[in-house]
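Heads up: the structure comes next, in structure tokens.
There are 4 protein chains.
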Amino acid sequence: MNKTRLEAFSDGVLAIIITIMVLELKTPESNDWESVKHIFPVLAGYLLSFVFIGIYWGNHHHLLHTVKKVNSRIIWSNLNLLFWLSLIPFATRWIGENDFDKISVAVYATLLSVSGLAYYILQQSIVVHHHFQDKMKDALKKQSQKGIISLFAYLTSIATAFIYPIISEIIFVGVAIMWWCPIKILSRQWRNKNKKTALKTECGF
Amino acid sequence: MNKTRLEAFSDGVLAIIITIMVLELKTPESNDWESVKHIFPVLAGYLLSFVFIGIYWGNHHHLLHTVKKVNSRIIWSNLNLLFWLSLIPFATRWIGENDFDKISVAVYATLLSVSGLAYYILQQSIVVHHHFQDKMKDALKKQSQKGIISLFAYLTSIATAFIYPIISEIIFVGVAIMWWCPIKILSRQWRNKNKKTALKTECGF
Amino acid sequence: MNKTRLEAFSDGVLAIIITIMVLELKTPESNDWESVKHIFPVLAGYLLSFVFIGIYWGNHHHLLHTVKKVNSRIIWSNLNLLFWLSLIPFATRWIGENDFDKISVAVYATLLSVSGLAYYILQQSIVVHHHFQDKMKDALKKQSQKGIISLFAYLTSIATAFIYPIISEIIFVGVAIMWWCPIKILSRQWRNKNKKTALKTECGF
Amino acid sequence: MNKTRLEAFSDGVLAIIITIMVLELKTPESNDWESVKHIFPVLAGYLLSFVFIGIYWGNHHHLLHTVKKVNSRIIWSNLNLLFWLSLIPFATRWIGENDFDKISVAVYATLLSVSGLAYYILQQSIVVHHHFQDKMKDALKKQSQKGIISLFAYLTSIATAFIYPIISEIIFVGVAIMWWCPIKILSRQWRNKNKKTALKTECGF
Numbered sequence: 308m309n310k311t312r313l314e315a316f317s318d319g320v321l322a323i324i325i326t327i328m329v330l331e332l333k334t335p336e337s338n339d340w341e342s343v344k345h346i347f348p349v350l351a352g353y354l355l356s357f358v359f360i361g362i363y364w365g366n367h368h369h370l371l372h373t374v375k376k377v378n379s380r381i382i383w384s385n386l387n388l389l390f391w392l393s394l395i396p397f398a399t400r401w402i403g404e405n406d407f408d409k410i411s412v413a414v415y416a417t418l419l420s421v422s423g424l425a426y427y428i429l430q431q432s433i434v435v436h437h438h439f440q441d442k443m444k445d446a447l448k449k450q451s452q453k454g455i456i457s458l459f460a461y462l463t464s465i466a467t468a469f470i471y472p473i474i475s476e477i478i479f480v481g482v483a484i485m486w487w488c489p490i491k492i493l494s495r496q497w498r499n500k501n502k503k504t505a506l507k508t509e510c511g512f
Numbered sequence: 308m309n310k311t312r313l314e315a316f317s318d319g320v321l322a323i324i325i326t327i328m329v330l331e332l333k334t335p336e337s338n339d340w341e342s343v344k345h346i347f348p349v350l351a352g353y354l355l356s357f358v359f360i361g362i363y364w365g366n367h368h369h370l371l372h373t374v375k376k377v378n379s380r381i382i383w384s385n386l387n388l389l390f391w392l393s394l395i396p397f398a399t400r401w402i403g404e405n406d407f408d409k410i411s412v413a414v415y416a417t418l419l420s421v422s423g424l425a426y427y428i429l430q431q432s433i434v435v436h437h438h439f440q441d442k443m444k445d446a447l448k449k450q451s452q453k454g455i456i457s458l459f460a461y462l463t464s465i466a467t468a469f470i471y472p473i474i475s476e477i478i479f480v481g482v483a484i485m486w487w488c489p490i491k492i493l494s495r496q497w498r499n500k501n502k503k504t505a506l507k508t509e510c511g512f
Numbered sequence: 308m309n310k311t312r313l314e315a316f317s318d319g320v321l322a323i324i325i326t327i328m329v330l331e332l333k334t335p336e337s338n339d340w341e342s343v344k345h346i347f348p349v350l351a352g353y354l355l356s357f358v359f360i361g362i363y364w365g366n367h368h369h370l371l372h373t374v375k376k377v378n379s380r381i382i383w384s385n386l387n388l389l390f391w392l393s394l395i396p397f398a399t400r401w402i403g404e405n406d407f408d409k410i411s412v413a414v415y416a417t418l419l420s421v422s423g424l425a426y427y428i429l430q431q432s433i434v435v436h437h438h439f440q441d442k443m444k445d446a447l448k449k450q451s452q453k454g455i456i457s458l459f460a461y462l463t464s465i466a467t468a469f470i471y472p473i474i475s476e477i478i479f480v481g482v483a484i485m486w487w488c489p490i491k492i493l494s495r496q497w498r499n500k501n502k503k504t505a506l507k508t509e510c511g512f
Numbered sequence: 308m309n310k311t312r313l314e315a316f317s318d319g320v321l322a323i324i325i326t327i328m329v330l331e332l333k334t335p336e337s338n339d340w341e342s343v344k345h346i347f348p349v350l351a352g353y354l355l356s357f358v359f360i361g362i363y364w365g366n367h368h369h370l371l372h373t374v375k376k377v378n379s380r381i382i383w384s385n386l387n388l389l390f391w392l393s394l395i396p397f398a399t400r401w402i403g404e405n406d407f408d409k410i411s412v413a414v415y416a417t418l419l420s421v422s423g424l425a426y427y428i429l430q431q432s433i434v435v436h437h438h439f440q441d442k443m444k445d446a447l448k449k450q451s452q453k454g455i456i457s458l459f460a461y462l463t464s465i466a467t468a469f470i471y472p473i474i475s476e477i478i479f480v481g482v483a484i485m486w487w488c489p490i491k492i493l494s495r496q497w498r499n500k501n502k503k504t505a506l507k508t509e510c511g512f
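Each protein sequence line maps, in turn, to chains H, X, V and P.
Residues in the first sequence are numbered consecutively from 308, following our numbering.
Residues in the second sequence are numbered consecutively from 308, following our numbering.
Residues in the third sequence are numbered consecutively from 308, following our numbering.
Residues in the fourth sequence are numbered consecutively from 308, following our numbering.
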């Protein structure tokens, strides 16, 4: 099995997922301010999902970069991940239609949990099938740790959604930042105000 | 005619088919449990179609891998297959809107039959145009046998849809499993409980 | 300007055009025969458009294969063609919603005319920018002749749409067949019943 | 990080954006002239957006061509640009549904401004990360100047939208022409009627 075609197919699916979400955005019924202001939460949800898919695309790219041999298990783990990610436009629309209410935020949080788990499974499928060097193993282990932290954060956000949905949303943004810029940099940043350059380089500001 | 572009176009179409189905998923009208539980059969239909397209993508990839020369007949057989597969999101929506009732399941089963036939035709078009080695011929013959078994299973499922749609659905899942893991492994597994490793490797668990 | 990216972008757009049409197909309101039979004309329209886009994809591929240098004019002629082809799903939906009535068929015929013209312009842009060998020139000249015949056929079909839409539809199918299999073969076939092999090879039956 | 995959993903997203807009086009309710004539402004909006995305695709291609090394900042600047461009189908639908009224034109103009700014940021991210030769620097500087002129034109068009939306639309067309053909050629053309060849070559007529 050819790795290139696996990458091309995944890229195609991710590009479609990230773009078709815009079809779900409803235009306001009338053009007065009352109607127009309702699109801001919907836009915020769209932005959040866009960033999540963007992060998955970036990490998925790095992960597949390590792959040398493809087997059935990797193909199916990959399709499994794409399946859950493909539901994100659906969950985003649900959130938008219900103005971030409890149930819709809990569904969104559940979907993020399952997607995170699917990503973890894909990574494990790749690790089992390869003999990586120590440096690579360390890098992948750190990724796994991040994945487990995210999973716990998402599971917490399912629970908080039923009490204060806003807390779940803060958790979503927090996880996005954690994946965006390596956490080490962030914690170093917290202690040392001079390391702004590192933050700039790693997080792309 | 360039094989790469044929692959790229097919991959693009399959990636779009597998992803746009999510646009067909309707969010529940209200957020109480009564409404929410209606999305589970719809999700099940989406999952089934996702797996079928995924299997077609994998097999299509392997089949095109054997192609060395492309002629008109292969191009049109391929477009013919893509045409029927492109109707799967439509049939999936139909099933979802009618909660797996008789007519909609029969339509879905018919579509799977015709898609299976189209895949068989594509394979024949490729075989006629090439001089394969014996090993490859055997592999393709086994694929053909699987294709014919699937076709009979699908035709049966059209009939059963009018009596008990649930039987048709079981047939769909059965055919998916047959394509997912090679049948030899499965039958061996049946006789010998120790061959779990083979099952694991081939089916990607 | 890189030819590969021009091809990739065009392939992407054509793959999306050919696939999103399925989103326009409406499922029947109820599952009795009266409702279900209404989808057949819609499906016929979908099939027609699918075949037209498929033919454009095949010919576009062959045409771009001849390109060695890309300039602004070729890029814009190509975008012009893609623009008109992107309207085909819209016209197909229109035809489907109005059961092939006069206006909708006339709109569809107009769109096919303009697309045919845009293809002709793209071919001219490529010819002007290259110094082809005589053999290639001849092949492109034959393509141009076919293009001009199609254009006249389409213009006729706009007129006939207002009198008998069915005549326009027959013209559409006729043009599709003309592009599908080279005409020379067809006319030879007409005279000589033994040349079935040639027909088989060229038209891909 | 691999530049090829960045290009492929961007191309995919742009191809989808440019094509899914057609799903937003509503067919007329009845087939009399009164209803049909309402689709012309909608089609005009679609054409405008198609041309803008086409211009972005062309320029984006040239810009990424200069990239040799990819870092986080370039990836995120690119995703930022794609995010704003992905909203263009949404704004186009809004314009179409409100027949180019004040609010919808102002929203469209705002979106074009932000997209222009995002493109400028992407270019800066690339410039900072590379050591270009003088010739390339000059070319990119000219692009920046064009970008700043566009930005001022768009900001003006937001203001004029509230007074005469038609002025904003003229500005949109003007900016499109400015990006389409290099301005130098246009101004030379103004002075010298003989330079038609240059115009022809550069603008692709």
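Where is the CB? At the ideal position from N, CA and C, for every residue including glycine.
Asked                                                                                                            : Found
Residue range of the unbroken alpha helix (DSSP H) whose run includes Ser451/V                                   : 441 to 468
Beta-carbon spacing of Glu314/H, Arg312/P below 8 angstroms                                                      : yes
Residue from Asn338/X, Ile323/X, Ala351/X with nearest C-alpha to Glu473/X                                       : Contrary to the premise, residue 473/X reads as Ile rather than Glu in this sequence. Out of Asn338/X, Ile323/X, Ala351/X, Ala351/X has the C-alpha closest to the C-alpha of Ile473/X.
Beta-carbon spacing of Leu332/P, Val349/P below 8 angstroms                                                      : yes
Contact test: Lys409/P Cβ vs the ligand GTP heavy atom, cutoff 7 angstroms                                       : In the structure on display, the ligand GTP does not appear, and there are no ligands present to speak of.
Ile323/H and Ile360/H closer than 8 angstroms at C-beta                                                          : no
Interface partners of Val343/H on chain X, CB under 7 angstroms                                                  : Within 7 angstroms Cβ-Cβ: nothing; Val343/H doesn't reach chain X, min ~22 angstroms.
C-alpha gap between Ala416/V and Leu354/V, whole angstroms                                                       : 16 angstroms
Simplified DSSP assignment, three categories, for Tyr363/X                                                       : helix
8 angstroms Cβ cutoff, Asp408/P in contact with chain H                                                          : yes
Neighbouring residues, chain H, relative to Leu424/P (Cβ below 8 angstroms)                                      : Going along chain H, no residue has its Cβ under 8 angstroms from Leu424/P, so there is no contact; the nearest lies around 15 angstroms.
Closer than 8 angstroms to chain V by CB, Leu468/X                                                               : According to the sequence displayed, residue 468/X carries Ala and not Leu. So, not an interface residue.
Within chain X, the residues that Val329/V reaches when beta carbons sit closer than 9 angstroms                 : Ile324, Ile327, Ser393, Leu394, Ile395, Pro396, Phe397
Boundaries (first-last residue) of the alpha helix (DSSP H) holding Leu321/H                                     : 310 to 327
Separation of Leu330/V from Thr463/X, as counted between CA atoms                                                : 29 angstroms
Where Gly319/X meets chain V, residues with beta-carbon distance less than 7 angstroms                           : Asp318, Gly319, Ala322
Residue span of the alpha helix (DSSP H) that contains Lys409/H, given as start and end                          : 409 to 436
Element boundaries [alpha helix (DSSP H), containing Val480/H]                                                   : 472 to 487
Listed by chain order, chain H residues near Gly365/X by CB distance under 7 angstroms                           : Ile382
Val482/V versus Ser379/X - alpha carbon distance                                                                 : 17 angstroms
Interface flag, Ser411/H vs chain X, CB-CB below 8 angstroms                                                     : yes
Phe512/V versus Leu429/X - alpha carbon distance                                                                 : At Phe512/V, the pLDDT of 49 sits below 50, so the modelled position is not reliable; the number obtained from the coordinates is stated separately. Spanning the two alpha carbons is a distance of roughly 11 angstroms.
8 angstroms Cβ cutoff met for Leu458/X and Gly423/X                                                              : yes
Chain-ordered chain P contacts of Ala315/V [CB-CB under 8 angstroms]                                             : Ala315, Asp318
Where Leu386/P meets chain H, residues with beta-carbon distance less than 7 angstroms                           : Gly361
CB contact check: Leu389/V to chain X, cutoff 8 angstroms                                                        : no
Short CB-CB distance (under 8 angstroms) between Glu404/X and chain V                                            : yes
Cβ neighbours of Trp364/P in the same chain (closer than 7 angstroms, five flanking residues each side left out) : Leu321
Same chain, Cβ closer than 6 angstroms to Thr362/X, neighbours up to 5 away in sequence not counted              : Position check: residue 362/X holds Ile in this sequence, whereas Thr was assumed. Contacts found: Trp486.
Chain X within 8 angstroms of Phe357/V, Cβ atoms only                                                            : yes
Pro335/V, enclosing alpha helix (DSSP H) - first and last residue                                                : That residue, Pro335/V, is in no alpha helix (DSSP H); it is neither H nor E in DSSP.
Same chain, Cβ closer than 6 angstroms to Leu419/H, five either side skipped, listed in chain order              : Tyr461
Cβ-Cβ separation, Phe357/P to Phe357/H (assumed contact under 8 angstroms), whole Å                              : Not a contact, Cβ separation roughly 22 angstroms.
CA nearest to the CA of Tyr427/V, picked from Asp406/V, Ile346/V, Leu370/V, Val343/V                             : Leu370/V
Within chain V, partners of Trp487/X - CB distance below 9 angstroms                                             : Within 9 angstroms Cβ-Cβ: nothing; Trp487/X doesn't reach chain V, min ~25 angstroms.
Distance CB(Leu375/V)-CB(Ala468/V) smaller than 8 angstroms                                                      : According to the sequence shown, residue 375/V is Lys rather than Leu. Not in contact: Lys375/V and Ala468/V (Cβ atoms no closer than 8 angstroms).
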